[in-house]
Structures are given as structure tokens and as C-alpha cells.
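One structure is given below, encoded as C-alpha cells.
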Amino acid sequence: MGSQKVKFTVATSTTEQQEDTEKEIAPFYIDLTKLTGPNLAHLREVGLLAEDGFEVRLLREKHVKYLTGGLEKLGSGYVSLDASRPWIAYWCLHGLDLLEAAPVEMMPRIVDTLGRFQNATGGFGGGPAQISHGAPTYASCLALLLIAPSYPKAYDAIDRRSIYKWFLSMKRPNGGFMMHDDGETDVRASYTVIAIAKLLNLLTPELMEGVAEYILQCQTYEGGFGGEPGNECHGGYAYCAVAALQIMGKLGMCDLEGLKGWISRRQMGFEGGFAGRANKLVDGCYSFWQGGAMAIVDAYEGDMTEGGFGTGVTEYVAEVGEEGADVSATTEAKGPISGELSFDQAALQRYTLLCGQHVEGGLRDKPSKARDFYHSCYSLSGLSVSQHGSSKDGVPLVYGDARTNVLKPTHECFNIRVDRVEKARERFKDDVCNHDDLIS
Ligand SMILES: [Zn+2]
Numbered sequence: 001m002g003s004q005k006v007k008f009t010v011a012t013s014t015t016e017q018q019e020d021t022e023k024e025i026a027p028f029y030i031d032l033t034k035l036t037g038p039n040l041a042h043l044r045e046v047g048l049l050a051e052d053g054f055e056v057r058l059l060r061e062k063h064v065k066y067l068t069g070g071l072e073k074l075g076s077g078y079v080s081l082d083a084s085r086p087w088i089a090y091w092c093l094h095g096l097d098l099l100e101a102a103p104v105e106m107m108p109r110i111v112d113t114l115g116r117f118q119n120a121t122g123g124f125g126g127g128p129a130q131i132s133h134g135a136p137t138y139a140s141c142l143a144l145l146l147i148a149p150s151y152p153k154a155y156d157a158i159d160r161r162s163i164y165k166w167f168l169s170m171k172r173p174n175g176g177f178m179m180h181d182d183g184e185t186d187v188r189a190s191y192t193v194i195a196i197a198k199l200l201n202l203l204t205p206e207l208m209e210g211v212a213e214y215i216l217q218c219q220t221y222e223g224g225f226g227g228e229p230g231n232e233c234h235g236g237y238a239y240c241a242v243a244a245l246q247i248m249g250k251l252g253m254c255d256l257e258g259l260k261g262w263i264s265r266r267q268m269g270f271e272g273g274f275a276g277r278a279n280k281l282v283d284g285c286y287s288f289w290q291g292g293a294m295a296i297v298d299a300y301e302g303d304m305t306e307g308g309f310g311t312g313v314t315e316y317v318a319e320v321g322e323e324g325a326d327v328s329a330t331t332e333a334k335g336p337i338s339g340e341l342s343f344d345q346a347a348l349q350r351y352t353l354l355c356g357q358h359v360e361g362g363l364r365d366k367p368s369k370a371r372d373f374y375h376s377c378y379s380l381s382g383l384s385v386s387q388h389g390s391s392k393d394g395v396p397l398v399y400g401d402a403r404t405n406v407l408k409p410t411h412e413c414f415n416i417r418v419d420r421v422e423k424a425r426e427r428f429k430d431d432v433c434n435h436d437d438l439i440s
């Protein structure tokens, strides 16, 4: 694991912010085994440390309470997120689903609410009577698909044919998609269309025509992907590009070595979490955007090697506190595991558990920032990816207390649980997936 602070010879506002962030993080990486008296008692009382040891714990019950609250009545401060209601539903539901605590009793109400955001002309808006937009369409469909195995009416709430026609109407001559009518064209739109089309069995050659070529133009000299051709590469857009290419079976067309190098360099040496861009600061949400993108690349490359992923690697057992401030990790041969990702999985989990968790529940960008539903969702999603690797049937790699910390595996391309993806494929596999029939 890293834990080397960066040394700068020239001071700029960027280096100062980096040094400030390392100072902010350092107190969370003290040697926990040296804690005594009231400090130790406090961490055990709030649940961050096991009662019988020094292993760090995921605050499951507190996160469940916080995320469930996001599905209930929200305060007036949320009025600015009025057009993001499907996102709030998805962030909270998916976080809860990873924690095996999605509230079944609330599902009929959530499905009814999301159904009111769907337009007869196809796609979902951010609320009732709002125009259809790629982002709330993605979030609404994911929320419905993760609900549906427990409450099957959620499948019926999605109008596949009208969504297909709406996706086609967003298509541009350059292979990109617009986010909404007369809106911007970028790789978020490409990803949201391709991901939802795949889950709903709507991924026709006509819909995919030119899409990979557009996305490939967004890969930059750094190796990551920008939002549009010519833009600086960025973790969120890179995830969208990588996931969309993988779903279409075209990830091999991009510069994979450059991509892996760029993602690797975004994992911060001291903090262990990821930053979104070069010379930017660590932020918990990139645990998924960058970690998930790397998991997709690793899954792709794992499939390319004979025998697939998960053979001949060893279980990675984290042990706390053997080497001073560094939490050490040892490897022991314990048979096949779920896959070794091309980043430091234990360091990312350590950042999430020690720096990302709010002691009252919910997760955050970094300790100086407030918790929120978005960072809770993507910090937990990144934690799931780094526990389960790129295949989901092995032994998870767990940092801290394995009794409390293991999440359900999320699908790295769609970011709903793997079992939810399988159920959706099963549900829609026999539905019509032919361009001429779908537009008739
Ligand atoms: Zn963030």
C-alpha cells in the first residue's frame, strides 16, 4: 500500500491544496492498535472499530438509516435537486441494495412516482411534466430494474418501444447522442443510451451505428476520455466511455495501455482513493468512476486470457496495524479469489472506510466535506468493486472487518447488483429487439 506523501519542489495553489488534503487525511491513518482509553472506547462506541479488535468497520446500520431517509420526505434545501429526483431514488436504492437493505415496503410508491416522470414520447424527465433527458432516464430505469426482482410491476413501468424511439431521436450524425432535445452531445449521453438499451434488450445495430467511433474520438493523449472530442479527460466521462465500449463489445478498439496508465496514476499515493483528473484532489465518488473503469478493463483483459479470471491468484488478507501507521496487508494462498484489479484495492477500501464514512451514516468526498446521497452511492459502489474484483463468484478481498464490511457485488458496467442485471436480461430476452419492429 502507498502512504507516501508527495514532495513538491515548486509551490503552486495546486500543490498547496494537495498538501492541505494530505494533512487533512493523515489523522485518519494513525496506528489504530496504539489507541487506548477514551479514544479507543469512542471509536468502538460509534462502531468504526470492532469491539474485539482493531479492524475497521463499515457502519452498515447507520448508512441504511441515512439512505432510507433519502427516500422519505426531504428538507426544503433539496428543492434545487427537483430535476434530479430519479437520481436521488437511484443513489439511495442502489446503496441500500448493496447493503442488502432495499426497502421492499416502499417499492410500490417509488415505482408509482418514477412512472409519473416517463413521457409518452419516450424517456424519463427529472420529475412530472419535465422533458425527457438521458440522465434521469438512466437513473429511473436502473432504480426500476433493481426494484423489479422484489416488485415485478417495476418491469412493466418501463415503456421499451417509446424509449427506443426516443433514443434514436437523440442520435446525431457524428455518432454521438444528445442528452435531451436540442441539448449537449457527450459521452454521458452515449453511455446512458447504450447501458439502458442493453439492459432492456434494445441494443440494435441501428442504435449502435457510429457510437464507438464517436467515443473513441474522446480518448486523449493522457489515456483517459473527455466528455467530448478535444476535452480534458476526466474520471466520470472516462467511466462512461469505457463502460459503453465494453457493453458494445468494442473496448479493444481504444488505447488500453494508455487508459490503464491514466487510471493508475489517478489513485493517490498517500490517500489511497482516486482523483478525477491529473493535479486534482482525492474524492470518494471516483472510487467507482475510476475503480469501476479499471474493473471493466480488467474484466475485458481477463476474458482474453485462457482460463478467464480468478485462477492462480491468492487471497489478499488485510491485517491491521503491524507496521506503525501503515496498515499492512499480507497475502496467503487460500485458493481462487474474485480477481485482482489493476489498482491497490486495499488502499481504496481503507480510504473509503476511514476517510469516507460519516459517523452518523452516509459517505462523503473527503473528511472536510458533508455527506450526501451521491457520494454515498458511488463510495459504496467503489467499495463493492474493490471487494469483488472483476468476476463475482470468488472470495472477496476485504479490508477491515470481514464480518461487517462485505457488500453485494455491483455490475461494473451498469452499477446495479449483478443479480439485478441477470434478472433484467432474463425478463427482456424474448422481447422484440429488431429495429423495424421496434419503430413500427
Ligand atoms: Zn465527488
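Quick note: the sequence shown uses UniProt numbering, first residue 1, plus one each step. Cβ coordinates follow ideal geometry from the N, Cα and C atoms, glycine included.
Can the beta-carbon of residue i be found closer than 8 Å to that of residue j?
{"i": "F270", "j": "I25", "result": "yes"}
{"i": "residue 449", "j": "Y378", "result": "The chain is shown only over 1 to 440; residue 449 falls outside these bounds and no answer can be derived."}
{"i": "Q118", "j": "A83", "result": "no"}
{"i": "Y239", "j": "A293", "result": "yes"}
{"i": "L383", "j": "Q357", "result": "no"}
{"i": "L98", "j": "S368", "result": "no"}
{"i": "K408", "j": "E100", "result": "yes"}
{"i": "L438", "j": "R161", "result": "yes"}
{"i": "K366", "j": "G291", "result": "no"}
{"i": "G261", "j": "G235", "result": "no"}
{"i": "L200", "j": "I263", "result": "no"}
{"i": "G175", "j": "G210", "result": "yes"}
{"i": "A195", "j": "F28", "result": "no"}
{"i": "G134", "j": "H180", "result": "yes"}
{"i": "L256", "j": "V297", "result": "yes"}
If I measure Cβ to Cβ from residue i and keep anything under 7 Å in the same chain, skipping five residues before and after, which residues do I get?
{"i": "Q217", "result": "P229"}
{"i": "R420", "result": "L145, L146, P149"}
{"i": "G312", "result": "For G312, the predicted structure reports a pLDDT of 28, less than 50, and the residue's modelled location is therefore unreliable. The matter cannot be settled from this model."}
{"i": "A212", "result": "L245, M248, K250, M253"}
{"i": "A50", "result": "R57, D401"}
{"i": "M106", "result": "L71"}
{"i": "V406", "result": "Q387, P396, V398"}
{"i": "K429", "result": "N201"}
So residue i and residue j are supposed to be a Cβ contact under 8 Å. How far apart are they, rounded?
{"i": "A197", "j": "I215", "result": "The Cβ separation is near 14 Å, so there is no contact."}
{"i": "V385", "j": "E412", "result": "6 Å"}
{"i": "V359", "j": "V64", "result": "Not quite, the Cβ-Cβ distance comes to about 15 Å (not below 8 Å), so this is no contact."}
{"i": "L281", "j": "T21", "result": "5 Å"}
{"i": "G272", "j": "Y286", "result": "Not really, about 12 Å apart at Cβ, beyond 8 Å."}
{"i": "G223", "j": "A295", "result": "That belief does not hold up - the Cβ atoms of G223 and A295 are roughly 17 Å apart, past 8 Å."}
{"i": "L35", "j": "L43", "result": "7 Å"}
Apart from the five residues on each side of it in sequence, which residues of its chain come closer than 8 Å, Cβ to Cβ, to residue i?
{"i": "H435", "result": "T204, P205, E206, L207"}
{"i": "K153", "result": "P108, V111"}
{"i": "residue 483", "result": "No statement about residue 483 is possible, as the shown extent of the chain runs from 1 to 440 and does not include it."}
{"i": "Q4", "result": "G269, F270"}
{"i": "R85", "result": "T113, F117, G126, G127, P136"}
{"i": "Y78", "result": "I88"}
Any heavy atom of ligand 3 closer than 7 Å to the Cβ of residue i?
{"i": "G356", "result": "Looking for ligand 3 in the displayed structure turns up nothing; the ligands present are ligand 1."}
Within a Cβ cutoff of 6 Å, which residues of the same chain sit near residue i, ignoring the five residues on either side of it in sequence?
{"i": "F8", "result": "T15"}
{"i": "Y66", "result": "G361, G362"}
{"i": "V193", "result": "F167, F177"}
{"i": "R172", "result": "T185"}
{"i": "G307", "result": "The pLDDT assigned to G307 is 37, lower than 50, so where the model puts this residue is not dependable, and the model offers no usable value."}
{"i": "T104", "result": "The residue asked about is misnamed: residue 104 is Val in this sequence, not Thr. Taken in chain order, the residues that qualify are S150."}
{"i": "E323", "result": "Its pLDDT being 36, under 50, E323 is placed unreliably by the model, and nothing is read from it."}
{"i": "Y191", "result": "C240, A243, A244"}
{"i": "T220", "result": "G226, C233"}
Sufficient close CB pairs (3 or more, under 8 Å) joining the stretch 340-347 to the stretch 7-25 | The stretch 340-347 vs the stretch 7-25: no contact.
Evaluate contact between the stretch 118-127 and the stretch 137-150, counting only Cβ atoms and requiring at least three cross-stretch pairs below 8 Å.
-> Touching, yes, given that three or more Cβ pairs across the two stretches are closer than 8 Å.
Would you list, in sequence order, the uninterrupted alpha helix (DSSP H) runs of no fewer than 4 residues that lie entirely inside the stretch 236-300?
-> The DSSP assignment places complete alpha helix (DSSP H) segments of no fewer than 4 residues inside the stretch 236-300 at 256-266, in order along the chain.
May I ask you to verify whether the stretch 185-193 touches the stretch 220-234, counting CB pairs closer than 8 Å and requiring at least 3?
-> The stretch 185-193 makes contact with the stretch 220-234; the number of CB pairs closer than 8 Å reaches 3 or more.
Complete alpha helix (DSSP H) runs within the stretch 208-232 (minimum length 4 residues, chain order) | Listed in chain order, they are 211-216.
Kindly confirm or deny that the stretch 420-436 and the stretch 362-374 touch, where touching means at least three C-beta pairs closer than 8 Å.
-> No, the stretch 420-436 is not in contact with the stretch 362-374.
contact_flag[the stretch 53-68, the stretch 397-405] where n(CB pairs < 8 Å) is 3 or more = Cβ pair count under 8 Å is three or more, so yes.
Where in the stretch 14-84 do unbroken runs of the alpha helix (DSSP H), each at least 4 residues long, occur, reported from the N-terminal end onward?
-> The DSSP assignment places complete alpha helix (DSSP H) segments of no fewer than 4 residues inside the stretch 14-84 at 37-46, 60-69, in order along the chain.
Segments of 4+ residues assigned as alpha helix (DSSP H) that fall wholly inside the stretch 80-138 | You should have 85-98, 107-115.
Return the chain-ordered ranges of every alpha helix (DSSP H) run that is complete within the stretch 134-172 and spans a minimum of 4 residues.
-> Within the stretch 134-172, the complete alpha helix (DSSP H) runs of at least 4 residues are 134-147, 153-156, 160-169.
Inside the stretch 332-381 only - alpha helix (DSSP H) runs reaching at least 4 residues = Runs of the alpha helix (DSSP H) spanning 4 or more residues and lying entirely within the stretch 332-381 occur at 345-350, in chain order.
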